[in-house]
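Residue numbers (the working numbering), protein chains in the order written: chain A, 310 to 480; chain B, 2 to 292. Think of the CB as a built atom: it goes at the ideal place given N, C-alpha and C, for glycine as much as any other residue. In what follows, a single structure is set out as C-alpha cells and then discussed.
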Amino acid sequence: MGAEWVTRLRRMSWWVTPPVLTLALVLLGLIPIGLPYVDPVTPAFAVIAVYYWSIYRPEHLPAGVVFVLGLVQDALGGTPLGMSSLVLLAVFGLGVSQRRVFIGKSVLVEWGGFLLVGSFAIAASWVLANLFYETIIDPRPAITQAVITIAAYPCVAWLFVRAQRGLVKPA
Amino acid sequence: MNATGGRLQRLAVPVRVVVQRFAFVILIGAAFAIMILGKADTVLVERFRLAITDAAAPVLEVISHPVSGLNAGVQEINQLWYLRGENVRLREEVARLSNWQGVARRLESENAIYRALLRSRSEPQVSFASARVIGDSGGPFVRTLLVNAGSRDGVADGQGVVAEAGLVGRIAAAGHRSSRILLVTDLNSRIPVVIEGSRHRALLAGDNSNFPRLTFLAGGAQISPGDRVVTSGHGGLLPSGVPIGTVAAVDDAAITVQPFVDWDRLEYVRILRFDLPRLSGAREAGEHHGR
Numbered sequence: 310m311g312a313e314w315v316t317r318l319r320r321m322s323w324w325v326t327p328p329v330l331t332l333a334l335v336l337l338g339l340i341p342i343g344l345p346y347v348d349p350v351t352p353a354f355a356v357i358a359v360y361y362w363s364i365y366r367p368e369h370l371p372a373g374v375v376f377v378l379g380l381v382q383d384a385l386g387g388t389p390l391g392m393s394s395l396v397l398l399a400v401f402g403l404g405v406s407q408r409r410v411f412i413g414k415s416v417l418v419e420w421g422g423f424l425l426v427g428s429f430a431i432a433a434s435w436v437l438a439n440l441f442y443e444t445i446i447d448p449r450p451a452i453t454q455a456v457i458t459i460a461a462y463p464c465v466a467w468l469f470v471r472a473q474r475g476l477v478k479p480a
Numbered sequence: 002m003n004a005t006g007g008r009l010q011r012l013a014v015p016v017r018v019v020v021q022r023f024a025f026v027i028l029i030g031a032a033f034a035i036m037i038l039g040k041a042d043t044v045l046v047e048r049f050r051l052a053i054t055d056a057a058a059p060v061l062e063v064i065s066h067p068v069s070g071l072n073a074g075v076q077e078i079n080q081l082w083y084l085r086g087e088n089v090r091l092r093e094e095v096a097r098l099s100n101w102q103g104v105a106r107r108l109e110s111e112n113a114i115y116r117a118l119l120r121s122r123s124e125p126q127v128s129f130a131s132a133r134v135i136g137d138s139g140g141p142f143v144r145t146l147l148v149n150a151g152s153r154d155g156v157a158d159g160q161g162v163v164a165e166a167g168l169v170g171r172i173a174a175a176g177h178r179s180s181r182i183l184l185v186t187d188l189n190s191r192i193p194v195v196i197e198g199s200r201h202r203a204l205l206a207g208d209n210s211n212f213p214r215l216t217f218l219a220g221g222a223q224i225s226p227g228d229r230v231v232t233s234g235h236g237g238l239l240p241s242g243v244p245i246g247t248v249a250a251v252d253d254a255a256i257t258v259q260p261f262v263d264w265d266r267l268e269y270v271r272i273l274r275f276d277l278p279r280l281s282g283a284r285e286a287g288e289h290h291g292r
C-alpha cells in the first residue's frame, strides 16, 4: 500500500515538477522587490525554463504547457494576452530543433546559446508590444531585463539540474 | 499479432512527430489569435485575465509577505545610513510645515465662510478602501500593480488610487478579490491635470519611464520646473486637487513631471470611491454622497 503510493507520487512528480517549478518562478517574478536604484524588472524566468527543458527534456514541458504558462504570465503581468505564449513557443521551437548542438557540451556553450535565444525572446517581446500598442516603447527596461535574465541563467539552470536529478522516471 | 504490433510501433513514431508538429503550429496560431482578439474585444480578454488574477491572488499574497519583510529590512539599513542627514532635513521641514499649518488653518476657516456666503456645492465626499500591493508587472512593457482588493471591497474600474504622497494611478480592471492598477507612468495612462498655481489644464501621459509628460497644454502657458501638478477632476472619475508631482524639466521636446510617489516603497495604497452623484446613473437618487 505504502509502496504503491510512493510510486504514484513519483510518477506524478515526474510530470508535475518542471511545470510547477516554472510557474512558481513566474509568480516569484511578479513580487515587487522594491530595491532602490533598480529598474522594476525581474528576470524572464519562463524564457529560462522553456529553453532549459526544451533542450534536456522537452517531454517535461511540452508545447501545450508552454502555451498555458505564457497565458498565465500575460494575465498576471498585464502584458497583451498571447504575447508571452507566442515568444515562449518560439523559444521552445528553437530549443527543440537545436538540442543536438547543446547536449553533452559544456555549460558555457549552453549559456552562450541562451545569450542568443534569451536576447531574441526579449527583443521579440519588445517588437510585439510595440505592434500591439502601436507606439515605440522605451527599449532600455527591456535591455535591462535581457541582461539580468542572461545573468540569472546559470543559477536557475542549476536549480533545474537539481530538480531533474531528483526525478525518477516511473517504470 | 507481433508483426502488427511492430508495424504499429514503426508507424506510431512518425505519426507522433507529425501530430506534435501540427499541435505546435496550432498553438502558435492560437497565441496570435488571442493577441488579435485582445486588441479587438478587450472585455472578453479582460474577464479571462481577471479570472486568472483572482485565482493567483491568494498565492501572491502569501509569497509577497516575506519579500516585503526583507524589503523593510533593506530600507531600515538604508535609513540608518542616512540617519543624521535625514534628521536635519526633517527638522527643517517641521519648521517650514508648522508655518504652513497656521496658514492652512486660517485658509480653511476663511474658505468655509466664503463657501457659506456663496452657497457653492462642495465636492462629494470621498470614501476609500485600503489594499496591499501583491504584485507588479515585473516586465519592461507595462507599469501596473496588483492589489488584494476587488469588487467585494467596493473597488470598480476607473477609480483613482493614491498613496500618502500622491496619485498612484487608476484601477484598470477590478476582479472579485484582486485588481490591477494602471500606474500614471504606464504607456496607456492619461490623467486630466492642472498646474496648481497658474490653473493651466493639461493631460498627463505616461510613457513607461519614471517621468510622465504633460500634453495638450494650452499654448502660451508658462510652466517652470518645480510647479506642482494636481488632478483637475475633469471627467468626473477622480476628485480634483489630488497631488501628482512637480514639473521636473521643461524643454522643446517635452515637459516631464516627477511624481511624488516613491515607486520602490509602495506597499499599501488607498482606492478612492469617488462618485459624482449627478454623473453616475448606477446610484440611486437618494444615495448622494455630497453634503
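Rounded Cβ spacing between residue i and residue j (contact assumed at less than 8 Å)
i	j	result
B:Ile135	B:Ser65	5 Å
A:Gln454	B:Gly140	7 Å
A:Thr326	A:Leu468	Not quite, the Cβ-Cβ distance comes to about 11 Å (not below 8 Å), so this is no contact.
B:Leu273	B:Pro240	7 Å
A:Phe401	A:Ala372	6 Å
B:Arg214	B:Ala255	5 Å
B:Val195	B:Ser233	4 Å
B:Arg50	A:Leu390	6 Å
B:Phe212	B:Gln259	6 Å
Listed by chain order, chain D residues near residue i by CB distance under 7 Å
i	result
A:Met392	In the structure shown, chain D cannot be found, because the protein chains are A and B.
Residue i vs residue j beta-carbon contact at 8 Å
i	j	result
B:Phe33	A:Leu395	yes
B:Gly188	A:Thr444	This sequence places Leu at residue 188 of chain B; Gly is not what is there. In this structure, A:Thr444 lies closer than 8 Å to B:Leu188 by Cβ.
B:Thr54	A:Leu385	yes
B:Ala58	B:Arg178	yes
A:Ala438	A:Ile431	no
B:Thr186	B:Gly167	no
A:Thr417	A:Ile459	In the sequence on display, residue 417 of chain A carries Leu and not Thr. For A:Leu417 and A:Ile459, no; Cβs fall outside 8 Å.
B:Leu183	B:Ala173	yes
B:Leu61	A:Leu339	yes
A:Leu298	A:Phe354	Only positions 310 to 480 of chain A appear in the structure, and residue 298 of chain A is not among them; the question remains open.
A:Trp435	A:Tyr462	no
A:Val375	A:Leu398	yes
B:Ser152	B:Thr145	no
B:Val248	B:Gly227	yes
A:Gly379	A:Ser363	no
B:Val156	B:Ala130	yes
Residue from the options whose Cα sits closest to the Cα of residue i
i	options	result
B:Leu267	B:Val148, B:Glu111, B:Glu47, B:Glu77	B:Val148
A:Glu368	A:Leu380, A:Val350, A:Trp323, A:Gly379	A:Trp323
B:Asn79	B:Gly234, B:Val270, B:Asp265	B:Asp265
A:Ala472	A:Val329, A:Ile446, A:Glu313	A:Val329
B:Ala41	A:Phe441, A:Ala451, A:Ala460	A:Phe441
A:Tyr360	A:Phe411, A:Ile452, A:Ala451	A:Phe411
A:Val377	B:Phe25, B:Val248, B:Asp252, B:Val143	B:Phe25
B:Arg200	B:Val46, B:Gly103, B:Val231, B:Arg90	B:Val231
B:Leu204	B:Glu165, B:Thr257, B:Ala164	B:Thr257
B:Gly237	B:Phe275, B:Ala249, B:Val251, B:Glu93	B:Phe275
A:Tyr365	A:Gly427, A:Arg449, A:Gly413	A:Gly413
B:Ala222	B:Asn100, B:Val251, B:Asn209, B:Arg107	B:Val251
A:Val456	A:Arg317, A:Arg474, A:Phe429	A:Phe429
B:Ser190	B:Ala157, B:Trp82, B:Ser210	B:Ser210
B:Ala132	B:Ala164, B:Ser121, B:Val20	B:Ala164
Start and end residues, alpha helix (DSSP H) containing residue i
i	result
A:Phe469	449-475
B:Ala73	43-82
A:Gln382	372-386
A:Arg409	408-411
A:Val436	416-442
Residue i: first and last residue of the uninterrupted beta strand (DSSP E) it sits in
i	result
B:Asp137	128-137
B:Arg229	229-232
B:Ala206	202-206
B:Arg191	191-196
B:Asp270	Going by the sequence as given, residue 270 of chain B is Val instead of Asp. Per DSSP, B:Val270 belongs to the beta strand (DSSP E) from 269-274.
DSSP beta-bridge partners of residue i
i	result
B:Gln259	B:Thr247
A:Thr351	Per DSSP, none; premise fails for A:Thr351.
B:Arg171	B:Gly161, B:Leu183
A:Thr525	Past the edges of chain A, shown from 310 to 480, lies residue 525 of chain A, and the structure says nothing about it.
B:Leu293	Only positions 2 to 292 of chain B appear in this structure, which leaves residue 293 of chain B out of reach.
B:Arg214	B:Ala206, B:Thr257
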